[in-house]
Amino acid sequence: MASCPPPMPSPCRRCYRVKVSSSPLSAQQFLRRGDSSRKRKSPVEWTPSKKARWNHLPDTILVEVLKWIPQNELGVCAQISRQWYRVVYSTGVWEDREILFDFSAFCSIEYNGKCEQYEWFVERMGRYVRNAKLVLNLVCSRLRDPRFRGAACRRQQYEVMERLFEGGRLRSLQIDFVPQFNPPHVYMGYCAHQDCTDPVQNFLKKISSSLPGLRRLSVQCLPDWHWELLLRTIPTMTNLEKLEMNHKRHQPFRIVLYMGDVHGLIPAALSNMSTLRVLKLANVDVQDTLWHALANHSGIPLHQLTMVAYTDFNPFSLPTWERVAQKFPSLCVELFFRHGQQRLVLRKSEFESFLRDDIRLKTLCVSQGKLCREIAMIDVLQTVAEKYTDSLETFLFFQSRGQPMVSSKEVELIRRFPKLAEVAIAPVITDKRLKQLAKGCRGQLRELLVRSVLKYMPDANKLVKMEAKEVSNLETVVTRLLGYPWEMSSPSWAEREINAEGDIEFAEACMEQYM
1 MASCPPPMPS PCRRCYRVKV SSSPLSAQQF LRRGDSSRKR KSPVEWTPSK KARWNHLPDT
61 ILVEVLKWIP QNELGVCAQI SRQWYRVVYS TGVWEDREIL FDFSAFCSIE YNGKCEQYEW
121 FVERMGRYVR NAKLVLNLVC SRLRDPRFRG AACRRQQYEV MERLFEGGRL RSLQIDFVPQ
181 FNPPHVYMGY CAHQDCTDPV QNFLKKISSS LPGLRRLSVQ CLPDWHWELL LRTIPTMTNL
241 EKLEMNHKRH QPFRIVLYMG DVHGLIPAAL SNMSTLRVLK LANVDVQDTL WHALANHSGI
301 PLHQLTMVAY TDFNPFSLPT WERVAQKFPS LCVELFFRHG QQRLVLRKSE FESFLRDDIR
361 LKTLCVSQGK LCREIAMIDV LQTVAEKYTD SLETFLFFQS RGQPMVSSKE VELIRRFPKL
421 AEVAIAPVIT DKRLKQLAKG CRGQLRELLV RSVLKYMPDA NKLVKMEAKE VSNLETVVTR
481 LLGYPWEMSS PSWAEREINA EGDIEFAEAC MEQYM
């Protein structure tokens, strides 16, 4: 009887993988192929004509197309073809963009990664950048933070940005100084240590020496220790057309705590500018010397003045302002109100003293929390309509929670301003008033901000919030009436109760947006 053949030894798992993967049709390919009887959709193939359209576009047209693409997506566009890579990294796609360099970080690893990324970008595309915004870190180098170790390495942010200034190609520069924390023994998160002040001072000197042709300069939240140096370097920028200065001060005090006598430096800095057209001052103590310098300057073409008016001080009550108003009859003024130390709210007579006849008001931002309760929106609109009907372009009014709703009279007053293009009303307005406002200002308003919309009810004591579906329908109607997409400024208003703190935050956000 013939014996059966011995059984074949079973292969190990490693040999089985090698054998299957080396076969003409492996198991993985068979599973991917699936059932042959199943119909599969054929992929969409590009025709040669469509390929030719994109591959043979002139560089000039491709540059105009790439200007509409967001900044964070240009790296993906550079990987499409060699032509796109060459156009993205070798043409003026970046010239009209405002490039953000954000050095604020909460740990040293994130900070070093940003420095390396921005250094690579400056080396490759620095010659094409014309508008830049810098967010600089002001962490004290002597304080040891476990999240931000080696804070002294923040000098690297100034070195990277100084390379951007080489060649003097920048035309617009905005600098925001941001502290990471506020220790109890350090004033407002800043310090006067030499290791911290020297890099900032050298950086400001580098700006004045490397960018003499700068046209727009915005400095926000500059500490006391460097304010005097900035005012001394500004006169060297003789081509400035727009200057924005926001001093960092201690909030409970209105008077700025300068480290030196700089009241005379502000007029001296402005007196040397023969091209200045827009001047914006926030947290700056305005005195007679500033109005005197503007009135005596013979060649300054000042066109717009933006002031943050405090409730305890009226800069337009100074006698030298009348000379400025006579010299610049077409000067546009923007007023933003904030509370002061000596007086938190304004009375009606004090508020009307700001609205002078010799002012051509362009923007007015008032908050009911910073004014007395006797001042209503109808009073403000009536006063403004008597004096600034032909000049007002932006109106922001923030009512308190206990004030009445916007009435039809107020809507009619808003429609009387022919140049009014931007309106912000908060927090209470009915859907009926909103529709009337949108219908009356069709083709005129460019932006409309509303904090909260309530149902229109015959009885004012029974007002309730609108549901999500009603808000959606209202957005559709208002969008059709205005002619541009419109939506509620606070989408989550239905989930939370709007309180006074939320109104103040909304007011401050609108002020920053328009300033």
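Going by the UniProt record's numbering, the sequence shown opens with residue 1, and the numbers climb by one from there. We treat Cβ as the ideally placed atom computed from N, Cα and C, and that holds for glycine.
Please list, in chain order, all residues of the same chain as M405 whose beta carbon is under 6 angstroms from its beta carbon, the five residues on each side excluded.
-> V428, T430
Taking just the CA atoms, how far does V63 sit from H56?
-> 13 angstroms
Give the DSSP-derived three-state secondary structure of F336 in the structure shown.
-> strand
Name, in chain order, the residues that DSSP records as bridge partners for L74.
-> In DSSP, L74 forms no bridge with anything.
Bounding residues of the alpha helix (DSSP H) (the contiguous stretch that carries R163) = 155-165 is the span of the alpha helix (DSSP H), which, as asked, contains R163.
Cut-off 6 angstroms between Cβ atoms - residues of its own chain near residue 588, not counting five sequence neighbours on either side = This structure does not reach residue 588, given that the chain is present from 1 up to 515, and the question cannot be answered.
Residue 536 burial status per 10 Å Cβ neighbour count (16 or more: buried) = Residue 536 is absent from the structure shown; the chain starts at 1 and stops at 515.
Inspect the CB distances between the region 200-218 and the region 155-168 and report whether three or more fall short of 8 angstroms.
-> yes
Does the separation of the CB atoms of F177 and L136 fall below 8 angstroms?
-> Yes, Cβ-Cβ distance for F177 and L136 is below 8 angstroms.
Of the choices V76, P485, R163, F417, whose alpha-carbon is the least far from that of L448?
-> P485
Express the C-alpha separation of A78 and R86 in angstroms, rounding to a whole number.
-> Annotation: R86 to A78 spans about 8 angstroms, alpha carbon to alpha carbon.
With a floor of 3 residues, list each beta strand (DSSP E) that falls wholly inside the region 353-390, ordered by position along the chain.
-> Counting only unbroken stretches of 3 or more residues, the beta strand (DSSP E) elements lying wholly within the region 353-390 are 360-367, in sequence order.
Just the C-alpha distance for V478 and I234, rounded to the nearest angstrom, thanks.
-> For V478 and I234, the distance between alpha carbons rounds to 46 angstroms.
Pull up the distance between the alpha-carbon of A282 and that of A293, whole angstroms please.
-> 18 angstroms
Do L355 and V384 come within 8 angstroms of each other at the CB atom, strictly closer than that value?
-> yes
Any C-beta of chain E under 8 angstroms from that of L434 | Among the chains in the structure shown there is no chain E, since it carries only a single protein chain.
Find the nearest neighbour of V471 within the set L445, S210, G440, K435, judged by alpha-carbon distance.
-> Of the listed residues, the one whose Cα sits closest to V471 is K435.
Other residues of its chain near residue 518: CB distance less than 6 angstroms, five sequence neighbours each side excluded | Examination of residue 518 is not possible in this model, given that the chain is present from 1 through 515 alone.
Per DSSP, what kind of secondary structure is Y484 in: helix, strand or coil?
-> coil
Select from R154, E374, K387 the residue whose C-alpha is nearest the C-alpha of D358.
-> K387
Three-state secondary structure (DSSP) at C221?
-> strand
Should D195 go down as buried or exposed, given a rule of 16 or more other Cβ atoms within 10 Å for buried?
-> exposed
Chain-order list of residues whose beta-carbon lies under 6 angstroms from that of N131 (same chain, five-residue window excluded) | E98, S172
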